[in-house]
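K.L.:
Shown below is the structure under consideration.
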Amino acid sequence: MALPCVENNAILSEGASSHRPPLFKGEFYLYWKNRMRLFLESVDLEIWDIVENSFDFPIKMVNGEKVRKSLGELTPEEKHKVQLNSRAMNILSCGLGASEYNRIMNLKTAYEIWSKLEVTYEGTSQVKETKINMLVHEYELFRMNSDETIKSMFTRFTNIVNGLSNLGKEFSTGEQVRKILRVLPQQYDPLVTALKAAKNISAMSLDELLGELLTNEIELARRKNEEHAVKKKRKKRRKRQLLL
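Each residue of the sequence shown is one higher than the one before, starting from 27 at the first, in the working numbering.
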C-alpha cells in the first residue's frame, strides 16, 4: 500500500482543496466520511463503487488450491478492477494521518479500509442502532431555548438531523419544517399562524423557513428596542415630574 501523503496532509490540516483528499486525524469522522465519499465520486464513480462494495482479487486453481493470478494472467476487466482498487487505496491512505494509517496499513482492499474505519468510529450495527435511538430521542425532545437565536437553534437542529442522516435515519424536509415550527417560543406564534395560512408547509424548504424566521427575529428585536426606548423615556419623564 502507498505511504500516506505527508505533504498533502500538512496542507489539508489548514484548509480544503478540490484536488486533494480530505484529511482525517481521528476527529470529526462523519464529516470526513461524507467529504471523502464526495471526493472519491468526483475522481471516478467506479472508484467509489470499489470502495463501497467488496472486492476480491482474481484467483485461479492450482493443484486444487486457490492462487492469486499474476498480473500477466489478468483479463482486461480484472486488471481494471485491480487498478481501481489500488487507486482507491491510495486516495484513502493520502487522506489519513499517521495514527489512522497505522490502523489500516496491512489491509489489502479499499473496501476493507473503509469498513475498518466505519467500525472503529461508528461501531457495529448494534452500536449504530444505539446512536440512532439517542439522536432520535434528542430530535423528539428538541426545543428552542428562550435566550437562543434562530441561527443557533438551527445549527443545533441541523447537527442532530445530519447525525441521524449519516447513520441512515432520514427525516423529510417537510417533517423537519413542521418540527421547527412546533418548537418555537410563544413570541413566534403569529408568524407560525401566518405561514400555515399562506404557504404549503410540506413544500417549504429549510432555507425558506430560516429566511422567514430570521426576518421575524429582526422585527421582534426592533419592536423590543422601541418598547425599551419608550419605557426609558417614560421613566425619565416621571423623574422630572417628581423633581418639580
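Where a beta carbon is used, it is the ideal one built from N, C-alpha and C, also for glycine.
Owing to the predicted nature of the structure, the values given are computational and were not obtained by experimental measurement.
I'd like to know whether the C-beta atoms of Ile76 and Ala124 end up nearer to each other than 8 Å.
P.N.:
For the purposes of this step, residue 76 is identified with residue 50 of the sequence shown, where counting begins at 1. For the purposes of this step, residue 124 is identified with residue 98 of the sequence shown, where counting begins at 1. Against a cut-off of 8 Å, the Cβ pair of Ala124 and Ile76 comes out as no contact.
K.L.:
Ends of the alpha helix (DSSP H) at Met179?
P.N.:
Position 153 of the sequence shown, counting from 1, holds the residue named residue 179. It spans 176–192 - the alpha helix (DSSP H) in which Met179 sits, taken as one unbroken run.
K.L.:
Quick one: any contact between the region 220–239 and the region 149–166, if contact means 3 or more CB pairs under 8 Å?
P.N.:
No contact exists between the region 220–239 and the region 149–166.
K.L.:
When the Cα of Lys59 is compared with those of Glu144, Lys107, Tyr127, Asn89, which residue comes out closest?
P.N.:
Counting from 1 along the sequence shown, the entry for residue 59 is found at position 33. When each option's Cα is compared against that of Lys59, the closest is Glu144.
K.L.:
Return the CA-CA distance between Ser80 and Met115, expressed in angstroms with no decimal places.
P.N.:
Position 54 of the sequence shown, counted from the start, is the residue given in the question as residue 80. Position 89 of the sequence shown, counted from the start, is the residue given in the question as residue 115. Roughly 13 Å between the two C-alpha positions.
K.L.:
Between Val108 and Leu100, how many whole angstroms is the CB-CB distance? I'm expecting something under 8 Å.
P.N.:
Here residue 108 refers to the residue found at position 82 when the sequence shown is read from its first residue. Here residue 100 refers to the residue found at position 74 when the sequence shown is read from its first residue. That pair is a contact at about 7 Å.
K.L.:
What does a CB cutoff of less than 6 Å around Asn192 pick up in its chain, not counting 5 residues either side in sequence?
P.N.:
On the sequence shown, residue 192 is found 166 positions in, with the first residue counted as 1. These residues qualify, in order along the chain: Leu56.
K.L.:
Rounding to the nearest angstrom, what Cα-Cα distance links Arg260 and Asn251 in this structure?
P.N.:
Within the sequence shown, the letter at position 234 stands for residue 260. Within the sequence shown, the letter at position 225 stands for residue 251. Looking at the two C-alpha atoms, the distance is approximately 14 Å.
K.L.:
Tell me whether the beta-carbon of Glu73 lies closer than 8 Å to the beta-carbon of Leu64.
P.N.:
On the sequence shown, residue 73 is found 47 positions in, with the first residue counted as 1. On the sequence shown, residue 64 is found 38 positions in, with the first residue counted as 1. The sequence shown places Ile at residue 73, not Glu. No. Outside cutoff.
K.L.:
Mind checking Phe50: buried by the 16 CB within 10 Å criterion, or exposed?
P.N.:
One-based indexing of the sequence shown puts residue 50 at position 24. Under this definition Phe50 is a buried residue.
K.L.:
State yes or no: is the C-beta of Leu217 within less than 8 Å of the C-beta of Asn185?
P.N.:
As a position in the sequence shown, residue 217 is number 191, starting the count at 1. As a position in the sequence shown, residue 185 is number 159, starting the count at 1. Cβ atoms of Leu217 and Asn185: not closer than 8 Å.
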